[in-house]
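Please read the structure below before turning to the comments.
2 protein chains.
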Amino acid sequence: MPVTLKELAVRARVHPSTISRVANNDPSLRIAPTTRQRIETLLRETEYRPNGVARGLKLRQTFALAVVIPDITNPFFAALFRGVEDGASPRGYNVLLCNTDGSPERQRSHLHSLHARRVDGVILASSVLRDPSVRWLRHQHIPHVLVNRFSDDGQDAFVGSDDVLGGLVATRHLVELGHRRIGHLAGKLTVSTGVLRRRGYLGAIADSGLPADAALIAESGYTEEGGARAAEQLLSMRDRPTAIFAVTDMTAVGACTVARRMGLRIPEDVAVVGYNDIPLASRLVPGLTTVHVPIHEFGAAAARLLMEQIETGEASRRRVIFNPQLVVRGSTVGGADAPVNRRPAAAFATE
Amino acid sequence: MPVTLKELAVRARVHPSTISRVANNDPSLRIAPTTRQRIETLLRETEYRPNGVARGLKLRQTFALAVVIPDITNPFFAALFRGVEDGASPRGYNVLLCNTDGSPERQRSHLHSLHARRVDGVILASSVLRDPSVRWLRHQHIPHVLVNRFSDDGQDAFVGSDDVLGGLVATRHLVELGHRRIGHLAGKLTVSTGVLRRRGYLGAIADSGLPADAALIAESGYTEEGGARAAEQLLSMRDRPTAIFAVTDMTAVGACTVARRMGLRIPEDVAVVGYNDIPLASRLVPGLTTVHVPIHEFGAAAARLLMEQIETGEASRRRVIFNPQLVVRGSTVGGADAPVNRRPAAAFATE
DNA sequence: TAACATAGAACAATCGTTTGTTCAACGCAA
DNA sequence: TTGCGTTGAACAAACGATTGTTCTATGTTA
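Protein sequences, first through last, are from chains A and B.
The numbering used here applies: residue 859 is where the first sequence begins, and numbers increase by one.
The numbering used here applies: residue 859 is where the second sequence begins, and numbers increase by one.
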């Protein structure tokens, strides 16, 4: 049981409020230098730290943020979290982490619990389009920032990449390599990244004059297993694609595993492109060609937008959109892997 | 601003305490069925949730745990965290996550901040031997569980694997493959895993009648970069080792990268064994032979030990030690990789 | 000397709950 | 009618901080 103001007040023979004022360096008050000295010594000796809970109750601010994601074991979200913590921790915030495994009910339940805990704000990376949970956040006036995925276009603060452009450059790359049948592992149509990257994919196909074939698009979700299932479906077609653009690196990994199991060589029999450039992408053999986005920066930018809302006290709809950059590795171009760990060009944010 | 007891009290024309008793189903008090009904309806209509901060102040319990680790982007710690959350979340706890990057000062600072926040307990996976922070936790009577690494033998609740045995089986495996010069990337001598796995390594060498050669042991730390540096040192010797046992999978990964860069083939020129069996291990080419430990279970068990301390109100020194299991893959035995993703036997915990 | 600033610190309300204690009203037996 | 046991709910004191207001000595000025 750490020391409290009241106990210190007894020891210093002053009122608790006086101690509080000294501890907080309250500018509004005049304190005799001698008593200030006495109290400061006492504070140091006892290593007094104000009780954060009591403080939170009085100040109505807890200095706690929460990050809500599908799954921290996915390297994308791990890097994202680091970005958030690196942005928020130096400013005195602690960060809670909640995994939803993609379940809307788990997401809802976590958000309610976080609200009851009075976290100062929430960074949400697991939202779907027209997400009831996001609307609830707005309705409760809980400061929040969506990351990577948005819910209702432009209604919330958001950090992400230009997904249409990303899908476009990824697919165009495959077109330029001469592929005529290009498959797409399309995430989900209930998720913004799924819809937009697919739009980019379709745009590139159209630009190139290739025929659009709905059979080449398979909903994969965002897990490795989902990617494996969807890829298996595409690669089992009589007229199977010679290239696949996967909505994320993890689904691409699932696709690679399946392709290999089917005896297909990468990239000779099937080329694969992912999205996000997670650290794993450059370590695979062959390396995974992918669309690089600055994941750590996503988190740091989200933390900034969130703290800004908390400190100004008003909701924001600001959007930070990073420019995606294609990184070519061995999964699309034989021999492209040397040197290992190719660095993409720096990414720039707009607005 | 969510509804408070006081507001509800006005609307229901009763005293706030009465609402609180209905909300908490207080058994100690008699309430007329009719008013209970009335209040319950009101609670439902307004979706009343008690303010967790106020509750925490009064009850002296916040239902928040913290996990302190070196770095969440290391897959080992990501899996560990999931274990903790999966264990704690169903019982109403939220979990804070703090990364230390191996800095004692960051660790200290995070722990102080968590204490000020009055988290109910801490799970610490970044401790060193004779860690002042751990002693501070004990001194402050903060419920805590050490994971993977311990500080002062037997002084704290602990979850981990039998590191000596793990180091032994890993090294013995290399001996049995006929290697005569076996190197070791030894983590740090300030960390329990470093000391103990090294002890296992030395034991296996001694058992086999091989000469002990201090030059074959290099301190690597626990990062990929550290592993790369240390491996480069070992592999640059005139009389370089033909096999390496690395203290963790990530250091092994660093070693593999360096070996490949030096033009050495794995496993033909140098065999590599890691420790932990992170998901990445089975995805590398060749697959990484490693010592499997149930990482997710580490987290879940730690959460259990911690909640037990919180609920009984007394510190525990209980230890949960899992049995490590060697998993042989292509990094030590050519052609061992098929089928992909070999499963280790189930691990059993002792005590 | 009376009136009045001013410095220095105490006072007290408040944040939203929880929970031991007290109290009012009623029914019933003597 | 008096007294007592019950029931149902109000009262009030925390938990530990913050902060606007009030109070009491001083010291200063007219």
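The C-beta atom is built at its ideal place from N, Cα and C for all residues, glycine as well.
None of the values given here were measured: they were computed from a predicted structure.
For residue 1019(B), the enclosing beta strand (DSSP E) starts and ends at 1015-1019. If you draw a straight line from the Cα of residue 1191(B) to the Cα of residue 1130(B), it is about 10 Å long. Secondary structure remark: continuous alpha helix (DSSP H) runs of at least 4 residues inside the region 908-994 of chain A, in chain order: 910-917, 933-946 and 962-974.
Proximity to residue 910(B) across 874(B), 875(B), 951(B) and 895(B) peaks at 951(B), based on C-alpha coordinates. Counting C-beta atoms within 10 angstroms of its own C-beta, residue 985(B) has 16 or more neighbours from the protein chains shown and is therefore classed as buried.
Taking a beta-carbon distance threshold of 8 Å, residue 1150(A) does not count as an interface residue toward chain B.
Residue 896(B) and residue 1165(B) have their C-alpha atoms spaced approximately 36 Å apart. Within the same chain, 925, 926, 927, 928, 935, 938, 1004, 1005, 1006 and 1007 come within 8 Å of residue 983(A) by CB-CB distance, once the 5 residues on both sides are set aside. Contact between residue 1105(A) and residue 1055(A) holds, since their C-beta atoms are separated by about 5 Å, short of 8 Å. Judged by DSSP secondary structure, residue 1093(B) falls within the alpha helix (DSSP H) whose first and last residues are 1082-1093.
Counting along the chain, no alpha helix (DSSP H) covers residue 1171(B), and no H or E run does either. Look at residue 914(A): its C-beta is under 8 Å from a C-beta on chain B. Rounded to whole angstroms, the Cβ separation of residue 1079(A) and residue 1045(A) is 7 Å, and the two are in contact under 8 Å. When 1002(B), 997(B), 1052(B) and 990(B) are compared, the shortest CA-CA separation from residue 1020(B) is found for 1052(B). Counting only Cβ-Cβ distances below 8 Å, residue 907(B) has contacts in chain A at 970, 973 and 974, in chain order.
One finds 930, 955, 956 and 957 in chain A with Cβ atoms closer than 9 Å to the Cβ of residue 943(B), taken in chain order. In the DSSP assignment, the residues bridged to residue 1040(B) are 1101(B). At a cut-off of 8 Å, the C-beta of residue 933(A) has a neighbouring C-beta in chain B. With the criterion set as a beta carbon lying under 8 Å from some beta carbon of chain B, the members of the region 1132-1161 of chain A are 1137, 1138, 1141, 1142 and 1143, in sequence order. Note: residue 1177(B) is bridge-paired with 1016(B) in the DSSP secondary-structure output. Residue-level contact check: residue 1192(B) does not touch chain A, since none of the beta carbons of chain A fall below 8 Å from its beta carbon. In the structure shown, the three-state DSSP call for residue 1059(A) is helix.
In this structure residue 1132(A) does not touch residue 1122(A) by the C-beta definition: roughly 17 Å separates them, more than the 8 Å allowed. With a threshold of 8 Å between beta carbons, residue 920(A) makes contact with chain B.
Within its own chain, the residues whose Cβ lies closer than 7 Å to the Cβ of residue 877(B), once the five positions on either side in sequence are excluded, are 863, 866, 867, 870 and 897, listed in chain order. Residue 955(A) places its beta carbon 8 Å or farther from that of residue 1017(B).
Among the CB atoms of chain A, one or more fall inside 8 Å of the CB of residue 936(B). Listed as beta-bridge partners of residue 1002(A) by DSSP are 980(A). The beta carbons of residue 907(B) and residue 970(A) sit about 7 Å from each other, so the pair counts as a contact at 8 Å. Between residue 1108(B) and residue 1082(B), the C-beta gap is smaller than 8 Å, which places the two residues in contact. Around the beta carbon of residue 998(A), fewer than 16 other beta carbons lie within 10 angstroms, which makes this residue exposed.
The residue among 1141(B), 1001(B) and 894(B) with its C-alpha nearest the C-alpha of residue 859(A) is 1001(B).
At least one C-beta of chain A is nearer than 8 Å to the C-beta of residue 910(B). Per the coordinates, the alpha-carbon of residue 1012(B) lies some 11 Å from the alpha-carbon of residue 1178(B). For residue 1073(A), the three-state secondary structure derived from DSSP is helix. Taking 8 Å as the cut-off, the beta carbon of residue 1182(A) is found closer than this to the beta carbon of residue 1150(A).
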